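Novice: Protein chains in written order, with the working numbering: chain A, 1 to 364; chain X, 1001 to 1364; chain W, 2001 to 2364.
Right, I'll just put the structure down here and ask away after.
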Amino acid sequence: MADHHCHGVLDRELDRAGFEALLTEAETGGPPGVSPFDSQIGFALRRWCPPVLDLDAHAAPDDYLARRAELGAAEVNRRFLAAAGLESLCVDTGYTPEAILDPPGLGRLAGAPAYEIVRLETVAERVAADGVDAARFADEVRSRLAARGPSVVGAKSIAAYRAGLEMAGERPSAARVAEAAGRLMRQDAPRVHDEVLHRFLVWCASDAGLPVQFHVGLGDVDADLRRGDPLLLLDLLRALADAGTPAMLLHNYPFHRRAGYLAQVLPNVYVDAGLATHNLGHRAPALLAELLELAPFGKVLYSSDAFGLAELYHLGAVLFRRGLAGIMEEGVRDGAWTAADADRVAALVASGNARRVYGLPAPG
Amino acid sequence: MADHHCHGVLDRELDRAGFEALLTEAETGGPPGVSPFDSQIGFALRRWCPPVLDLDAHAAPDDYLARRAELGAAEVNRRFLAAAGLESLCVDTGYTPEAILDPPGLGRLAGAPAYEIVRLETVAERVAADGVDAARFADEVRSRLAARGPSVVGAKSIAAYRAGLEMAGERPSAARVAEAAGRLMRQDAPRVHDEVLHRFLVWCASDAGLPVQFHVGLGDVDADLRRGDPLLLLDLLRALADAGTPAMLLHNYPFHRRAGYLAQVLPNVYVDAGLATHNLGHRAPALLAELLELAPFGKVLYSSDAFGLAELYHLGAVLFRRGLAGIMEEGVRDGAWTAADADRVAALVASGNARRVYGLPAPG
Amino acid sequence: MADHHCHGVLDRELDRAGFEALLTEAETGGPPGVSPFDSQIGFALRRWCPPVLDLDAHAAPDDYLARRAELGAAEVNRRFLAAAGLESLCVDTGYTPEAILDPPGLGRLAGAPAYEIVRLETVAERVAADGVDAARFADEVRSRLAARGPSVVGAKSIAAYRAGLEMAGERPSAARVAEAAGRLMRQDAPRVHDEVLHRFLVWCASDAGLPVQFHVGLGDVDADLRRGDPLLLLDLLRALADAGTPAMLLHNYPFHRRAGYLAQVLPNVYVDAGLATHNLGHRAPALLAELLELAPFGKVLYSSDAFGLAELYHLGAVLFRRGLAGIMEEGVRDGAWTAADADRVAALVASGNARRVYGLPAPG
């Protein structure tokens, strides 16, 4: 299976509070009496992860964390990345609140090639922090994208977290980009949150021939979910379709049916259910079934959106694989499609679509 | 079963590209490597349609299209319209990008009476193209609606595709209608996309005593789905309730639960799941189950929204019929309702509600 | 089970029209030919309620209503409140279009303690009707909240029905509150519908140490559902989180997945599916399953939102209890969680969470 969107894994020990903080999108472990372990993701973790650490399924949280500490982060990371059974990973390298493993390190753990997804806003913020002239900002961003290494296979926009997904379709003018760049560079810690710049960056990626991933739908509490509705992106998606640029809508929950609609009507739109898959745990099959309502099967991809916690690479993969298999098998039993078609389509979704869009080689 | 909203069928041969273009709401058949046959609607078509053409279920797309060509469009159309098993059809005659069968021709194929749904914007655009004085525009629209034939049983608004569903409740003033008509007539190819005109047209239909169908939710890529949310229509629906005019919310996906809510709280609101039913294929039962959560069973209708492709009249009917039967039977098994109530309610949804709202006679 | 949000029950006889008007959120019983009994709630009522009145399940509506009249309202109320099997009730006392039983009366019927939820807008409207000076309005509201009896355990905001849920986060200034109060008091029948006042009232409740319930999602036709989306409440929820005030999102359908997201990412957000549970009847398990996707199990509560009709206290309870049990048992069968965890979590949702948030004693 190809994981077309994930982040690096933390390479240090975690206490219970640290572990819980990485388990969900909440910033804290919950008020007294409310454990994040008592949730779909908590129960799914306790079902699927203890056996990887030689414990019985449904081990109690403290027992699990004790075993985790006993094995140490390096061994835990190695086990879960291997258990995920990935043929390749595309790693968003733009979010690093603390030191995490880089793509090559992650790939070594997974035993699979790790490609890189450039986070566009991070590129822009680094250019701004480096202090180029506002008039040269655009060229500098473009040249840094052009100078990317061969492992870079896509770009990512986090407009949803900042200005929101309601972006115009057309390329912004050089004058407006320079103005916005000027405002950006006057900040002490440059942080892109201007529709013009988000849009400019998307077009830079398009011009560089890169598929563009968009954060859509759920995320941490910083995300104003109202602004993360994929329907807001319609004008820009249409314009990217004309340019032949694949637009990869990530996560999407609870807007996944809307995303599936866009994947049907626009030739360049692809969807996944990363992050939501492991958050929904036992309900992941329901999510995948809804995502697969309108989205053509050639437009649906797998991603974990795992960040930090080694368990999430495995959990996303096992839940997605089982959920997809269950849907396909139920259809075969009911006569909705043949076993051969089910196998063919499951292979597309698991990895064929990712290989085609990002130009990844088949393994072996 | 009564199909209360469909279009005409194409009466010519189709190659694979032409067939694929009519299969989904996409404008094109997808990028290389992505076949619209690999989707819920594609799989549903391959399950239910080949046997009507004497092939085995799950025939390969090329084999299916070869057999289709061998039989010829006239025979294919005849078979699928007959297979649909309809007691009546209400045909939207306002969308004719190319020559399609008119309602009498469609009815002959189906062996059932075909009634007509007047598309309001088409009436207005013809009046404008005919070049009346702006001050006489309103009267001319009204008199054309008044002069409708006896086969006309309803009207349809496509405001969702143009100005969007957020329309005010009150009738627009004569002065504002004349102004808007003036702007319309100054266009080379008059195309209504002004909230005042859409609203005026709805009120013309209401005054003419016609139920008004509204396009809601999914459609082709021209539709900005944000503007197709049925909640936007609340003020106008309330005003139509006061006027005693039935408002028929078509399609609705992915807003079908919101539409069901409106059907519960407003006495004049009815809902269906046309277009979405065949697009969702094997998932149609899940859609119908959600639609039937809040909508009273006396407010839910069947439509195919089939356009062009003969298969869609059959596919909509078979998926709806089976989906509804499955829901009803499961409830009987679980003790949720009696078999007698299930049969009674299924008959309402399949045709009784349509007969009551449009004043259609029972067959035979 | 703790019912953390309900209203009083009507203590008089009801004819069929009166019964139907209380059964759903519609204002009328439907157009000719459309019975509210033919709906999910109607079928659920006919399944679960007749046995409580010594009839067979699925009794015809007229037979049911005849038996109801025969027993009389007092006996019917007693039976259904007892059948609900509640350990406590939190009663919103602010909506009394006609005489209904007060919390002590309701509690006697239920055989359980009945606590009180103060409706904030009602407090403000009474202060305004009493004619205090605009500059003293704020203090008067605060002192009435401070003078609440010991049975008051929470407050409720109906901003969703008036100004909508899009409220700012910060406390409004004294000057703006006085201005808005002045406008309120100049009305003949003061009715709060000003964002500043709704927000002021929420902060008064927060300052008084009360959890705040918010009407969210479906309600009667007065509610503009667009303004009842819980995502609109994000800024205020964040601010209440900083203040440590629990925010209880009520009903939520069809936005329950969005509400579940907020319950995951914000430490102070809790959710329920009151009103929707009995309206969805046989589909209630699907609703609960979706609500439990992202919401931590320690953040989900039970409420009926029953108003007026004794059946609704029972129907909400039986549907919720069965729906939750079904979800938990299915997970045990599938190996998703252990029976012990399922029991523990079900107890949290049924009553443990309500006890913790409102400080209610365990029974017995």
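Think of the CB as a built atom: it goes at the ideal place given N, C-alpha and C, for glycine as much as any other residue.
Nothing here was measured: the structure is a model prediction, and the numbers come from that model.
Once DSSP output is grouped into helix, strand and coil, what is the label at A/Leu197?
Specialist: In the first sequence, residue 197 of chain A corresponds to position 197, counting from 1. A/Leu197: helix per DSSP, three-state reduction.
Novice: In chain A, which residues lie less than 9 Å from X/Pro1372 when you measure between Cβ atoms?
Specialist: There is no way to answer for residue 1372 of chain X, as the model of chain X reaches only from 1001 to 1364.
Novice: Identify whether X/Gly1154 lies in helix, strand or coil by the three-state DSSP scheme.
Specialist: Residue numbering aside, residue 1154 of chain X sits at position 154 when the second sequence is read from its first letter. X/Gly1154: strand per DSSP, three-state reduction.
Novice: Could you tell me which uninterrupted beta strand (DSSP E) segments, each at least 3 residues in length, are contained entirely in the region 2238-2292 of chain W, listed from first to last along the chain?
Specialist: Within the region 2238-2292 of chain W, the complete beta strand (DSSP E) runs of at least 3 residues are 2247-2251, 2269-2271.
Novice: Under a CB-based cut-off of 9 Å, is W/Gln2213 close to chain A?
Specialist: What you label residue 2213 of chain W is simply residue 213 of the third sequence in a count that begins at 1. No, W/Gln2213 does not count as interfacial toward chain A.
Novice: In this structure, how does DSSP classify X/Leu1010 when only helix, strand and coil are distinguished?
Specialist: Indexing the second sequence from 1 puts residue 1010 of chain X at position 10. Strand, per DSSP.
Novice: Can you tell me whether A/Ser173 is buried or exposed, with buried defined as 16 or more other CB within 10 angstroms of its CB?
Specialist: Position 173 of the first sequence, counted from the first residue, corresponds to residue 173 of chain A. So A/Ser173 counts as exposed.
Novice: Please state the DSSP three-state secondary structure of W/Gly2308.
Specialist: Counting from one through the third sequence, the residue named residue 2308 of chain W turns up at place 308. Correct three-state label for W/Gly2308: strand.
Novice: Classify W/Arg2191: buried if its beta carbon has 16 or more other beta carbons within 10 angstroms, exposed otherwise.
Specialist: Within the third sequence, the letter at position 191 stands for residue 2191 of chain W. By the neighbour-count rule (16 or more Cβ atoms within 10 Å), W/Arg2191 is not buried but exposed.
Novice: Determine whether the Cβ of W/Glu2087 lies closer than 9 Å to any Cβ atom of chain A.
Specialist: Reading the third sequence from its first residue, position 87 is the one you call residue 2087 of chain W. No, W/Glu2087 does not count as interfacial toward chain A.
Novice: How about A/Glu116 and A/Val127: are their beta carbons less than 9 Å apart?
Specialist: Stepping through the first sequence from its first residue, residue 116 of chain A is reached at position 116. Stepping through the first sequence from its first residue, residue 127 of chain A is reached at position 127. No.
Novice: Can you pull the DSSP bridge partners for X/Tyr1115?
Specialist: Counting from one through the second sequence, the residue named residue 1115 of chain X turns up at place 115. Answer is X/Cys1090.
Novice: Could you give the distance in angstroms between the alpha-carbon of W/Leu2312 and the alpha-carbon of W/His2282?
Specialist: For the purposes of this step, residue 2312 of chain W is taken as the residue at position 312 of the third sequence. For the purposes of this step, residue 2282 of chain W is taken as the residue at position 282 of the third sequence. Roughly 14 Å between the two C-alpha positions.
Novice: Establish whether the CB of X/Tyr1253 and some CB of chain A are separated by less than 9 Å.
Specialist: Reading the second sequence from its first residue, position 253 is the one you call residue 1253 of chain X. X/Tyr1253 counts as touching chain A.
Novice: Name the chain W residues whose beta carbon is nearer than 8 Å to that of A/Arg47?
Specialist: Taking the first residue of the first sequence as 1, we reach residue 47 of chain A at position 47. Residues of chain W passing the Cβ test: Gly2335, Ala2336, Trp2337.
Novice: For W/Thr2024, tell me which candidate among X/Pro1296, X/Ala1350, X/Leu1292 has the shortest Cα-Cα distance.
Specialist: What you label residue 2024 of chain W is simply residue 24 of the third sequence in a count that begins at 1. Of the listed residues, the one whose Cα sits closest to W/Thr2024 is X/Pro1296.
Novice: For the alpha helix (DSSP H) containing W/Phe2080, name the first residue and the last one.
Specialist: In the third sequence, the residue the question calls residue 2080 of chain W occupies position 80. Run containing W/Phe2080: 2073-2083, per the alpha helix (DSSP H) assignment.
Novice: Can you pull the chain A residues whose beta carbon is under 8 Å from the beta carbon of X/His1058, in chain order?
Specialist: Here the question's residue 1058 of chain X lines up with position 58 in the second sequence. Residues of chain A passing the Cβ test: Trp337, Thr338, Asp341.
Novice: Leaving aside the five residues before and after W/Ala2057 along the sequence, list all residues of the same chain whose C-beta is less than 8 Å from its C-beta, in chain order.
Specialist: Translated into positions along the third sequence, residue 2057 of chain W becomes position 57. Cβ neighbours of W/Ala2057 beyond the five flanking positions: Arg2046, Arg2047, Trp2048, Pro2050, Pro2051.
Novice: So, helix, strand or coil for W/Ala2002, using DSSP?
Specialist: Taking the third sequence and counting its residues from 1, the one referred to as residue 2002 of chain W is at position 2. In this structure, W/Ala2002 counts as strand in the three-state DSSP scheme.
Novice: Cβ of W/Pro2246 within 9 Å of Cβ of W/Tyr2261?
Specialist: Taking the third sequence and counting its residues from 1, one reaches residue 2246 of chain W at position 246. Taking the third sequence and counting its residues from 1, one reaches residue 2261 of chain W at position 261. No, they are not a contact pair.
Novice: Would you kindly report the start and end of the unbroken beta strand (DSSP E) that includes A/Phe214?
Specialist: Here residue 214 of chain A corresponds to residue number 214 of the first sequence, with the count starting at 1. A/Phe214 -> beta strand (DSSP E) spans 212-216.
Novice: Going by the DSSP bridge assignment, what does A/Ile41 pair with across the sheet?
Specialist: Position 41 of the first sequence, counted from the first residue, corresponds to residue 41 of chain A. Looking at the DSSP assignment, A/Ile41 forms no beta bridge with any residue, so it has no partner.
Novice: Would you say W/Glu2170 lies against chain A (beta-carbon separation less than 9 Å)?
Specialist: The residue labelled residue 2170 of chain W in the question sits at position 170 within the third sequence. It does not; no Cβ of chain A falls within 9 Å.
Novice: How would you call X/Gly1308, buried or exposed, if buried means at least 16 neighbouring beta carbons within 10 angstroms?
Specialist: Residue numbering aside, residue 1308 of chain X sits at position 308 when the second sequence is read from its first letter. Under this definition X/Gly1308 is a buried residue.
Novice: Could you run through the region 1017-1038 of chain X and flag, in chain order, every residue whose CB is less than 7 Å away from some CB of chain A?
Specialist: Cβ contacts with chain A: Thr1024, Glu1025, Ala1026, Thr1028, Gly1030, Pro1031, Gly1033, Val1034, Ser1035, Pro1036, Asp1038.
Novice: Of all Cβ atoms in chain W, is any one closer than 9 Å to the Cβ of X/Val1265?
Specialist: Walking along the second sequence from the start, residue 1265 of chain X turns up at place 265. Answer yes: the Cβ-Cβ gap between X/Val1265 and chain W drops below 9 Å somewhere.
Novice: Mind checking who X/Val1300 pairs with in its DSSP beta bridge?
Specialist: In the second sequence, counting from the first residue as 1, residue 1300 of chain X sits at position 300. In the DSSP output, where bridge partners are listed per residue, X/Val1300 has X/Val1271.
Novice: Identify each residue in the region 189-221 of chain A for which the Cβ-Cβ distance to at least one residue of chain W is less than 7 Å, and report them in chain order.
Specialist: Result list: Leu218, Asp220, Val221.
Novice: What does a CB cutoff of less than 6 Å around W/Ser2303 pick up in its chain, not counting 5 residues either side in sequence?
Specialist: Mapped onto the third sequence, residue 2303 of chain W falls at position 303. Asp2003, His2004, His2005, Asp2272, Gly2274, listed in sequence order.
Novice: Does any heavy atom of the ligand FMN sit closer than 8 Å to the C-beta of A/Arg108?
Specialist: With respect to the ligand FMN, the structure shown offers nothing to examine, as it has no ligands at all.
Novice: Interface residues of chain W around A/Asp224 at Cβ under 7 Å?
Specialist: One-based indexing of the first sequence puts residue 224 of chain A at position 224. Within 7 Å Cβ-Cβ: Leu2234.
Novice: Within the same chain, show all residues whose beta-carbon is closer than 7 Å to that of W/Ala2146, passing over the 5 residues directly before and after it, in chain order.
Specialist: Within the third sequence, the letter at position 146 stands for residue 2146 of chain W. If we look at W/Ala2146 and ignore the five residues flanking it on each side, its Cβ neighbours are Ala2208.
Novice: Would A/Pro361 be called buried (16 or more neighbouring beta carbons within 10 Å of its own) or exposed?
Specialist: Sequence index remark: in the first sequence, residue 361 of chain A carries index 361 (1-based). The residue in question, A/Pro361, is exposed, as its Cβ has fewer than 16 Cβ neighbours within 10 Å.
Novice: Quick one: is A/His282 near chain W, going by C-beta distance under 9 Å?
Specialist: Here residue 282 of chain A is taken as the residue at index 282 of the first sequence, counted from 1. So yes, A/His282 belongs to the interface.
Novice: Tell me, which residues are paired with A/Ile100 by DSSP?
Specialist: To locate residue 100 of chain A, count along the first sequence from 1; it is residue 100. In DSSP, A/Ile100 forms a bridge with A/Leu10.
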